[in-house]
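J.: Sequence lines, in order, name chains A and B. So for the first sequence, my numbering puts the first residue at 29; every next one is plus one. So for the second sequence, my numbering puts the first residue at 4; every next one is plus one. The C-beta atom is built at its ideal place from N, Cα and C for all residues, glycine as well.
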Amino acid sequence: IIGGQKAKPGNFPWQAFTNIHGRGGGALLGDRWVLTAAHTIYPKEHNRQNDTSKDVFLGHINVEEIKKLGHHPVRRAIIHPDYRQDEPNNFEGDIALLELENPVTLGPNLLPICLPDNETFYDEGLMGYVSGFGITEDKIAFNLRFVRLPVAERETCQRWLQTKKSNDVFSQNMFCSGDPSQRHDACQGDSGGVFAVRDRDRDTWIATGIVSWGIGCGEGYGFYTKVLNYVDWIKKEMGEED
Amino acid sequence: SPYMPQKLYGEISSPLYPKPYPNDIETTTVITVPPGYRVKLVFRQFDVEPSEGCFYDFVKISADKKTLGRFCGQLESPLGNPPGRKEFMSQGNKMLLTFHTDFSNEENGTLMFYRGFQAYYQAVDRDECAPQVNSVEGGYQPQCQHLCHNYIGGYFCSCRPGYELQKDGRSCQAECSSGLYTEPSGYVSSLEYPQPYPPDLRCNYSIRVERGLTVHLKFLDPFEIDDHQQVHCPYDQLQIYANGKNLGEFCGNRRPPDLDTSSNAVDLVFFTDESGDSRGWKLHYTTEVIKCPQPKALDEFTIIQEPQPQYQFRDYFIVTCKQGYQLMEGNQALLSFTAVCQDDGTWHRAMPRCKIKDCGQPRGLTNGDFRYITTRGVNTYEARIQYSCHEPYYKMKTRAGSSESVRGLYTCTAQGIWKNEEEGEKMPRCLPVCGKPVNPVTQKQR
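Structure below.
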């Protein structure tokens, strides 16, 4: 997380810390599913492996402490079928579900986040929070940090990408956030974590995006998987749990 | 004389019949039928020279050493002595028919020809039991001492109860060592009652009725058994046992009291010495279906179905419990209970109890808990508990329009199961509450 601040206990109780191909994030759904980015499991420019251990930790804001709590065995990892590990510039379908072997017992430091159910959560300018154990200013983080970011206008991001001469895919199943004037952003190690938005009407927090990719960190915009477009898939894979 | 084989019927006719019979002959035919039968003979045709007293030609019938008749003439004619359609009956199983003709048949110098006779005989059962006049004293001499039973072709004798037919097949000797009475009611009496009983008796009368019946004895008047002023029944005595238990020893002239033996097996033993002329005894036994004690519930939750004012052998009663209570026999839970009245007047099973249904410790709720609405720790019928989830992290799943308090309320039912009125036995579910951090990010500085 760039330009953010340390989280306090209970701020982001859904936050997962993963250590699969290095550090990553995720978010608890229900009491035995973790939503994350497919590329934390099948990183681009890696050969497709299936046997790497998938350590998932939950329930703390400190890396050492969260590891002491012990990892949660993963029964299975479900990768979205649109994800293309072998296309480094295409993060389409960068979404995955980790089914935990056992349900977790919820508490103040361990709670799931809700899924979005309409487009208003993607209105330009809507502020959201991105949390993660990823690097900050080129330093590894020992604690969970977060940063507040506005949803950016798609065209603005589109133009920005062009200035960067990027040929990365920016599909309708993604959205971008950030403010080039602010060095606020997610960064490596935050992937899989969610962009959380507060639904004032219902006083609930919604995972509208998944930290997916970006060009550098803190230099402009970050790109997120648009969770709303995958809610049906998620519910199908979770077995229509409530 | 020709002998007729022992047939049951036959014909006899005169020589050369129906041609005229020859002169100067005498034949005697012995008609024999099987023993136990009598011979009945009748003439079909009869044409024999008539004469005064049937002096010349005649047919003579005799049986049992007696002549039954001497006949001549024609059936329809008044001359001579024709037999007509008379039926001749022997006593025994033999009859003799003698046919005699003289040397000529002339009438006023004219030769006469007579065709003779044709007779038909058959064996007729002899009723040996009918009164037979005794040939010697002329008195009535019964075939049998007690009872005579005639059948076609014979007869047999039997004796009154308490006597045994002797080898001679007709006399009866007191034999009362194993009188057996199995009917539901009846009479038992000493031999010859109310005439004096025979001496030297060793009589045993067994009343054996169906299990479940109890025998009642009622003695009739007169009751007379030799006795003694000082010594109890030294001469003759009547002992009564029920199920082998001695109910008493009786003699004298006072009827024993009516006895309820409470048993379906009663034995009467009657001993007499060599003398005496008491008239003996007679009793009427009846039976009554044995009763069982009125069933009584052991607690207020027990229901005796359709109670009867009285229960007797083979009756039964069914017990159920009030709703919410369990039939228990000892520590054994029962699905149903029936007790049958046995032949000894006891119930085949003891009355059960009704114990309140216990639903057992309520199941734990994952990510939730329960508390007792009724007495804490009591899990019996109609106990109630309220499940709730560990809020705010979990929330109870409820139907639209329902509430957690309704969905979480469970009652211990009469079936011994904790049940919710909406979902029955199904446990509630505590679902994770998403998006509600207890310490959401807040920022002060603006």
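#1: Could you check whether the Cβ of L434 of chain B sits closer than 9 Å to any Cβ belonging to chain A?
#2: Buried or exposed: where does Q240 of chain B fall if 16 or more other Cβ atoms within 10 Å of its Cβ makes it buried?
#3: Can you pull the DSSP bridge partners for R230 of chain A?
#4: Would a C-beta distance cut-off of 9 Å place C151 of chain B and P164 of chain B closer than the cut-off?
#5: Would you verify that the beta carbon of Y390 of chain B is, or is not, closer than 9 Å to some beta carbon of chain A?
#6: Provide the residue(s) that pair with E227 of chain B in DSSP beta bridges, ordered along the chain.
#7: Which runs of the beta strand (DSSP E) at least 3 residues long sit entirely within the region 32-116 of chain B? Give them in chain order.
#8: Which of the residues in the region 152-175 of chain A, read from start to end, lie with their CB under 8 Å from any CB of chain B?
#9: Candidates B:C175, B:H103, B:N207 and B:V292: which alpha carbon is nearest S188 of chain B's?
#10: Comparing C-alpha positions only, which one of A:A180, A:I94, A:I69 and A:I48 sits nearest to P41 of chain A?
#11: Does the Cβ of N75 of chain A have 16 or more other Cβ atoms within 10 Å, making it buried, or fewer, making it exposed?
#12: Starting from the beta carbon of K439 of chain B, find every residue of chain A whose beta carbon is closer than 7 Å, and list them in chain order.
#13: With R282 of chain B and P199 of chain B assumed to form a contact (beta carbons below 8 Å), what rounded beta-carbon distance in angstroms separates them?
#14: Can you check whether the C-beta of Q448 of chain B is within less than 9 Å of a C-beta belonging to chain A?
#15: Where does V158 of chain A sit, in a helix, a strand or coil, going by DSSP?
#16: Would you kindly work out how many angstroms separate the C-alpha atoms of S174 of chain B and H149 of chain B, rounded to a whole number?
#17: Helix, strand or coil for L177 of chain A per DSSP?
#18: At the 9 Å Cβ level, is G404 of chain B part of the contact set with chain A, yes or no?
#19: So the candidates are B:P38, B:E90 and B:N84; which of them puts its Cα closest to the Cα of P155 of chain B?
#20: Chain A beta carbons: is any one of them nearer than 9 Å to that of N442 of chain B?
#21: Using three-state DSSP, classify W261 of chain A as helix, strand or coil.
#22: Tell whether a beta-carbon distance below 9 Å holds between G58 of chain A and T68 of chain A.
#23: Under 9 Å, Cβ to Cβ, is there at least one residue of chain A near H351 of chain B?
#24: Figure out for me which residue from A:M266, A:R176 and A:L139 has the closest Cα to the Cα of K439 of chain B.
#25: With respect to the alpha helix (DSSP H) encompassing I94 of chain A, which residues constitute its N-terminal and C-terminal limits?
#26: Please list, in chain order, all residues of the same chain as H103 of chain B whose beta carbon is under 6 Å from its beta carbon, the five residues on each side excluded.
#27: Would you mind telling me which residues of chain A sit closer than 9 Å to N370 of chain B, beta carbon to beta carbon, in chain order?
#28: Let me confirm a value: T46 of chain A is counted as buried when at least 16 other C-beta atoms fall within 10 Å, else exposed. Which label applies?
#29: How many Å lie between D346 of chain B and P431 of chain B at the Cα?
#30: Is DSSP giving T68 of chain A helix, strand or coil here?
#31: Below 7 Å between beta carbons is the criterion; list the residues of the region 405-427 of chain B that meet it against any residue of chain A, in chain order.
#32: Throw me the rounded Cβ distance for the G419 of chain B and K325 of chain B pair, which I believe falls under 8 Å.
#33: What residue range does the alpha helix (DSSP H) around S194 of chain A cover?
#34: For a test of the three-state rule: what should DSSP assign to V132 of chain A, helix, strand or coil?
#35: Name the chain A residues whose beta carbon is nearer than 7 Å to that of Y397 of chain B?
#36: Can you check the region 165-205 of chain B for any beta strand (DSSP E) of at least 3 residues that lies completely inside it and give the ranges in chain order?
T.: Looking at the coordinates:
#1: yes
#2: buried
#3: DSSP lists no partner for R230 of chain A.
#4: no
#5: no
#6: B:G283
#7: 40-51, 61-66, 69-74, 90-92 and 97-103
#8: Y157 and F174
#9: B:V292
#10: A:I94
#11: exposed
#12: L139 and T232
#13: 6 Å
#14: no
#15: strand
#16: 7 Å
#17: strand
#18: no
#19: Note on residue identity: the sequence assigns Ile, not Pro, to residue 155 of chain B. That would be B:P38, whose Cα lies nearest to the Cα of I155 of chain B.
#20: yes
#21: helix
#22: no
#23: no
#24: A:L139
#25: V91 to K96
#26: E29 and F61
#27: D59, P131, T133 and L134
#28: buried
#29: 55 Å
#30: helix
#31: none
#32: The Cβ separation is near 14 Å, so there is no contact.
#33: S194 of chain A -> no alpha helix (DSSP H), and no H or E assigned at all.
#34: coil
#35: L134
#36: 166-168, 175-177, 182-184 and 189-192
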